[in-house]
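Have a look at the structure below, then the notes.
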Amino acid sequence: MSSAADRPAVEVRGLTKRYSGTTAVDGLDLSLPRGHVLALLGPNGAGKTTTVETCEGFVRPDAGTVSVLGLDPVTQSEKLRPRIGVMPQGGGAYPGVRAEEMLRLVAACAANPLDPAWLIETLGLSGSARTPYKRLSGGQQQRLSLACALIGRPELVFLDEPTAGMDPQARRLVWELVRALRTDGVTVLLTTHLMEEAEALADHVVIIDHGRVVAEGTPSELTSEHPAEAQLRFRARAGMSTELLAAALPEDCRVVESSPGAYLVSGPVDPQVVSTVTAWCAQQGVLAEELHVGRRSLEDVFLDLTGRELRS
Amino acid sequence: MTFPAGTFTPSPGTGRLGRMLLTHARTEAMLTLRNGEQVLLTLLIPLALLVGLTLVPIVSLPDPRVDEVTPRIFALAIMSSAFTGQAIALGFDRRYGVLRRLAATALPRWLLVAGRVVGGLAVVVIQIVLLAVVAAIMGWSPDAVGLLWTVVLILLGALAFGALGVLLGGALKAEVVLAVANIVWFILLLAGGIMVPASSMPGVLGDLVALLPSGALAEGLHGALVSGAPGWQPFLVLVLWGAAASALATRTTKLT
Ligand SMILES: Nc1ncnc2c1ncn2[C@@H]1O[C@H](COP(=O)(O)OP(=O)(O)O)[C@@H](O)[C@H]1O
Ligand SMILES: [Mg+2]
Chain A
1 MSSAADRPAV
11 EVRGLTKRYS
21 GTTAVDGLDL
31 SLPRGHVLAL
41 LGPNGAGKTT
51 TVETCEGFVR
61 PDAGTVSVLG
71 LDPVTQSEKL
81 RPRIGVMPQG
91 GGAYPGVRAE
101 EMLRLVAACA
111 ANPLDPAWLI
121 ETLGLSGSAR
131 TPYKRLSGGQ
141 QQRLSLACAL
151 IGRPELVFLD
161 EPTAGMDPQA
171 RRLVWELVRA
181 LRTDGVTVLL
191 TTHLMEEAEA
201 LADHVVIIDH
211 GRVVAEGTPS
221 ELTSEHPAEA
231 QLRFRARAGM
241 STELLAAALP
251 EDCRVVESSP
261 GAYLVSGPVD
271 PQVVSTVTAW
281 CAQQGVLAEE
291 LHVGRRSLED
301 VFLDLTGREL
311 RS
Chain B
1 MTFPAGTFTP
11 SPGTGRLGRM
21 LLTHARTEAM
31 LTLRNGEQVL
41 LTLLIPLALL
51 VGLTLVPIVS
61 LPDPRVDEVT
71 PRIFALAIMS
81 SAFTGQAIAL
91 GFDRRYGVLR
101 RLAATALPRW
111 LLVAGRVVGG
121 LAVVVIQIVL
131 LAVVAAIMGW
141 SPDAVGLLWT
151 VVLILLGALA
161 FGALGVLLGG
171 ALKAEVVLAV
181 ANIVWFILLL
191 AGGIMVPASS
201 MPGVLGDLVA
211 LLPSGALAEG
221 LHGALVSGAP
231 GWQPFLVLVL
241 WGAAASALAT
251 RTTKLT
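Chains A and B, in that order, give the protein sequences. Reminder that position 259 of the first sequence reads as 259 in UniProt numbering, one-by-one numbering, no gaps. Reminder that position 165 of the second sequence reads as 165 in UniProt numbering, one-by-one numbering, no gaps.
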């Protein structure tokens with residue numbers, strides 16, 4: 001008994017999935033303890049949806065093992081599905097169905113569902129109760145989809161980009177919900193390409209790109225791996241020599257032009273470094289604009305690791 | 001907004017089978033009856049043809065005309081909802097990820113099919129009752145013994161056409177399904193033994209059309225309702241189409 005309860009809710013080893021031409025997931029490892037929230041963070045096309053759909057049993061892995069609540073999601077799906085809640089990246093309702101009708105259908109499939117009327121109201125869908133699904137806004141469709149994932153009181157939920165297309169207010173509501181799920185002991189695996197979201201919600205963040213894990217840890221581990229580090233960003237003429245600037249700065253400062261005209265200095269940024277940067281720019285005859293000093297964010301971590309912007 | 005602790009405490013499990021089946025089937029049937037295009041296809045066109053062909057002598061038919069027209073309109077109605085309507089709905093439901101949504105719940109796979117079948121049969125019952133009432137008002141006098149055969153033929157026809165509808169709607173892109181389902185409907189209506197009886201077509205053509213599901217259903221219903229003797233061939237033809245389409249559809253149907 002205890003060994004089953006101690007096992008992670010989701011355990012992925014060496015997961016690989018290829019489609020003709022692309023390797024969507026490339027030897028991915030993942031471990032999500034029960035009752036925790038894990039965020040799979042990565043840009044579009046990183047392999048998040050493929051990974052989640054493999055855990056749900058909809059995608060058959062080409063290599064590797066996947067164990068969800070101790071079950072094989074493909075061969076034991078009939079045992080697994082009653083225990084999980086699924087919010088797919090898009091869709092998930094009849095084009096002509098009304099929100100409450102859809103939710104009642106999904107509720108009928110569960111033994112002890114939440115009250116559909118309450119959930120509809122909680123998610124702010126009462127006002128569009130009679131609107132066919134295809135005429136709901138993207139954010140409303142997302143909220144219905146989230147309701148369908150939660151209605152059956154699952155022990156594990158998969159949320160694929162739960163806040164995509166939502167206004168800030170709805171996003172805050174979803175964050176509240178995820179926190180409430182965690183408090184009540186529900187295990188959550190969510191995907192996002194928003195670092196604030198991962199930082200705000202997750203116990204564990206797994207950053208993936210090109211189907212591979214590029215970093216993982218708690219949000220604070222990821223952002224404070226180099227605690228002394230800070231960052232200085234500024235905009236100036238594109239194509240200035242980052243090597244010359246680096247030479248003017250203390251040895252442990254690194255300089256990159258992250259996109260044309262956008263420069264990033266990372267290292268022990270102190271007032272002296274800031275003044276050196278502005279002075280060096282002045283020597284080049286340019287003005288350093290939008291100068292900003294800050295702590296490393298997950299986005300910076302991602303940028304450092306992959307050289308790519310997370311938002312895409 | 002804050003949620004009281006314990007709101008989401010896990011309590012997973014599978015719902016009661018009867019309730020799942022009933023809710024699923026009712027949702028499917030309601031969606032069909034609420035959809036304007038589906039109502040046009042499954043109810044209004046058959047009703048208009050029933051009344052029109054009975055009252056307006058454009059085609060020459062033996063009297064009473066309503067007895068000749070009604071069995072063929074039954075066949076049309078079944079083809080319209082079980083084949084064309086089902087295929088189009090399934091094509092778009094797949095596009096919208098409905099099948100995957102339901103497969104992701106505790107709903108067992110066989111119930112996913114059963115719910116659609118029962119929902120579709122409920123629509124067929126409504127169609128037939130409505131058409132029969134209108135036909136009766138126009139003086140329809142079906143053969144009493146034939147009514148029993150009629151029930152069996154309607155069931156077999158709905159299942160055979162339904163399986164063909166799933167085969168089409170479960171395999172191709174929604175827009176392609178829409179086009180193909182409508183074209184096939186039109187061809188079978190005009191040349192598949194519904195408007196023009198297979199028995200009145202020349203030679204081999206008539207024999208072939210009687211082997212189509214549309215021809216078999218129309219001939220069978222006509223035989224049952226007019227003379228009380230549908231013969232064995234329509235039953236066999238419908239069972240074979242249904243079995244072949246189901247066998248193929250279980251291999252080709254995709255969730256998305
Ligand atoms: N069914 C599919 N057929 C072909 N390629 C696919 C399929 N699903 C995903 N891919 C490809 O796999 C890669 C990862 O996709 P996905 O898992 O959807 O990423 P993410 O969810 O992180 O945006 C992408 O390059 C995508 O084009
Ligand atoms: Mg995705």
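Yeah, the Cβ is synthetic: ideal placement off N, Cα and C, and Gly gets one too. Note that the coordinates shown come from a computational prediction; the quantities given were computed from them, not determined experimentally.
Neighbour flag for Ala-282(A) against chain B, beta carbons, 8 Å: no
Neighbour flag for Thr-16(A) against chain B, beta carbons, 8 Å: no
Per-residue DSSP class, three states only, for Val-8(B): Going by the sequence as given, residue 8(B) is Phe instead of Val. Residue state, collapsed to three classes: coil.
Distance between Gly-42(A) and Val-205(A) (C-alpha atoms, nearest Å): 10 Å
Closer than 7 Å: Tyr-19(A) CB and nearest ligand 1 heavy atom: yes
Pro-132(A) (DSSP reduced to helix, strand or coil): strand
Backbone secondary structure at Arg-16(B) - three-state DSSP: coil
Per-residue DSSP class, three states only, for Ser-266(A): strand
Sufficient close CB pairs (3 or more, under 8 Å) joining the segment 192-199 of chain B to the segment 93-109 of chain B: no
Heavy atom of ligand 1 within 7 Å of Gly-47(A) beta-carbon: yes
Partners in chain A for Arg-116(B), counting only beta-carbon separations shorter than 7 Å: In chain order: nothing, as chain A lies at least about 11 Å away.
Thr-223(A) and Val-106(A) closer than 8 Å at C-beta: no
Leu-125(A) at chain B interface by Cβ criterion, 8 Å: no
Continuous beta strand (DSSP E) stretch holding Arg-233(A): start and end: 230-235
Chain-ordered neighbours of Ala-180(A) on chain B, where CB pairs are closer than 7 Å: Phe-3, Thr-7, Phe-8
Span of the beta strand (DSSP E) around Leu-40(A): 37-41
Entirely enclosed alpha helix (DSSP H) segments - the segment 173-250 of chain A, minimum 4 residues: 195-201, 219-223, 242-248
Cβ contact check for the segment 127-142 of chain B and the segment 201-218 of chain B: 3 or more pairs under 8 Å: no
Beta-carbon contacts of Arg-182(A) that lie in its chain and below 6 Å, excluding the five residues immediately before and after: Val-37
Segment contact flag, the segment 74-91 of chain A with the segment 16-30 of chain A, C-beta cutoff 8 Å, min 3 pairs: no
Partner residues on chain A for Asn-35(B), Cβ-Cβ distance less than 8 Å: Gly-96
CB contact below 8 Å: Pro-33(A) versus chain B: no
Integer-rounded CB distance, given that Gly-96(A) should sit under 8 Å from Leu-31(B): 5 Å
Nearest-angstrom Cα separation, counted from Asp-184(A) out to Thr-65(A): 29 Å
Close-in-space but distant-in-sequence residues of the same chain around Ala-82(B) (CB under 7 Å, 5 per side omitted): Gly-120, Val-124, Ala-158, Phe-161, Gly-162, Gly-165
Cβ separation of Leu-189(A) and Leu-40(A), assumed to be a contact under 8 Å, to the nearest whole Å: 7 Å
Asp-270(A) Cβ short of 7 Å to ligand 2 heavy atom set: no
Closer than 7 Å: Glu-53(A) CB and nearest ligand 2 heavy atom: no
Coarse secondary structure for Thr-65(A), derived from DSSP in three states: strand
Neighbour flag for Ala-29(B) against chain A, beta carbons, 8 Å: no
Thr-27(B) Cβ short of 7 Å to ligand 1 heavy atom set: no
DSSP three-state assignment for Lys-254(B), whether helix, strand or coil: coil
Member of Phe-234(A), Glu-251(A), Ala-200(A), Val-256(A) whose CA lies at the smallest distance from the CA of Ser-241(A): Val-256(A)
Span of the beta strand (DSSP E), counted from its first residue to its last, around Glu-68(B): Here Glu-68(B) belongs to no beta strand (DSSP E); instead the alpha helix (DSSP H) covers 65-78.
Best match in Leu-194(A), Arg-254(A), Thr-122(A) for proximity to Thr-7(B) [C-alpha to C-alpha]: Thr-122(A)
C-beta neighbour in chain A for Gly-15(B), strict 8 Å: yes
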